[in-house]
Amino acid sequence: YVKKLPVNPFNNLSSIAYVDLATSFADAVDGTTSGWLYKKETAEFVINWTGTDSEGVNFYDY
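So this is what it looks like as structure tokens:
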């Protein structure tokens, strides 16, 4: 298991914000309140950063 998540390189935060199962990551991501978003029900972690890469993929979809 993961003992510690790295610092989010975009906002320099390593904090984790819980996202309710009924809330999509797209609705929760804001890039400023935490480094990472977490859904405990599905054990998913995603980066908390808005925007897309050069291919148009959302950063939180990596």
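Numbering (the numbering used here), first residue to last: 116 to 177.
Glycine included, every Cβ here is placed at the ideal spot set by N, Cα and C.
task: Identify which residue in Asn-126, Gly-146, Lys-154 has its Cα closest to the Cα of Leu-136.
output: Working through the sequence shown from its first residue, we reach residue 136 at position 21. The option with the nearest alpha carbon to Leu-136 is Lys-154.
- prompt: Are the C-beta atoms of Tyr-175 and some chain C residue less than 9 angstroms apart?
  reply: This model lacks chain C altogether; it includes just one protein chain.
Cβ pair Phe-125, Gly-146 closer than 9 angstroms: The residue you call residue 125 lines up with position 10 of the sequence shown. The residue you call residue 146 lines up with position 31 of the sequence shown. Yes, they are a contact pair.
- prompt: With C-beta atoms as the reference, is Gly-150 less than 9 angstroms away from Asn-173?
  reply: Counting from one through the sequence shown, the residue named residue 150 turns up at place 35. Counting from one through the sequence shown, the residue named residue 173 turns up at place 58. Gly-150 is not a Cβ neighbour of Asn-173, given a cutoff of 9 angstroms.
- request: Can you grab the Cα-Cα spacing for the pair Leu-120 / Ser-129, in whole Å?
  value: Residue 120 sits at position 5 when you count from the first residue of the sequence shown. Residue 129 sits at position 14 when you count from the first residue of the sequence shown. Roughly 7 angstroms separates the two Cα atoms.
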